[in-house]
Amino acid sequence: MDDLSEERLALVNPILADKVRILSNMLETERIIIRVVQGLRSWNEQQKLYEQGRTTPGKIVTQCPGGHSYHCFGMACDLAPNDPSKPIWTPDWNADHPSWKKIEAAAVSMGLVCGCAFRTFVDAPHAQMTGRCPVNPGEEVRQLFKAGGMEAIWREANF
Ligand SMILES: [Zn+2]
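This is the structure:
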């Protein structure tokens, strides 16, 4: 994967990072070049994103306030495919393009949870790995984080 994707993968759970690398290789055989467009997000960054379209300008891009997204715990990545008609890597934001469905299918085959998070509005496909934790991080997950950081949740999730 490109350096930007690798920089982002370095900050998420290493098992998730490996799955995304395998996923990327699988898709490359179909000439779909993906990039990790989002990885880890701090609670603050997530909260700012949540406020967008609600109390700040812009459109709504997430249903999750700070601490309510697995991006805040290094357990989620947003992936985007390339637009092959462009000479340099450019994301293809057309959600109807078959590449998106292929990313989703490949992610599911790797045991990643996509579910409702693969939104139909223009947003990168979201792939998360939650193990034994619930599909949406609840109070228990946030408490684990406050007590022991991401590693505490990763241990509990037991991927
Ligand atoms: Zn996401």
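So the sequence shown is numbered by my numbering: it starts at 86 and just counts up by one. Using N, Cα and C, we set each Cβ at its ideal position, and we do this for glycine too. Since the structure is predicted, the reported quantities are computational estimates derived from the model, not experimental observations.
- In this structure, Ile119 lies away from Phe244, with their beta-carbon atoms at least 8 Å apart.
- Excluding sequence positions up to five before and after Gly196, its CB lies within less than 8 Å of the CB of Lys104 and Met214, all in the same chain and listed in chain order.
- Closer than 7 Å to some heavy atom of ligand 1: that does not describe the Cβ of Gln137.
- The three-state reading of DSSP puts Pro142 in coil, since its state is none of H, G, I, E or B.
- In the DSSP secondary-structure assignment, Ile119 is bridged to Pro166.
- Distance between Gln228 and Trp239, taken at the CA atoms: about 13 Å.
- In this structure, Leu112 is the residue among Leu112, Met235 and Pro150 with its C-alpha nearest to the C-alpha of Ser184.
- Between Cys157 and Tyr135, the C-beta spacing is not below 8 Å.
- Remark: the shortest separation between the CB of Ala180 and any heavy atom of ligand 1 does not fall under 7 Å.
- Distance from the CA atom of Asp87 to the CA atom of Arg93, rounded to whole angstroms, is 10 Å.
- Contact between the segment 174–191 and the segment 114–130 is established, with three or more Cβ pairs separated by less than 8 Å.
- Inclusion of Pro176 and Val122 in the CB contact set at 8 Å is warranted, their separation being smaller than that value.
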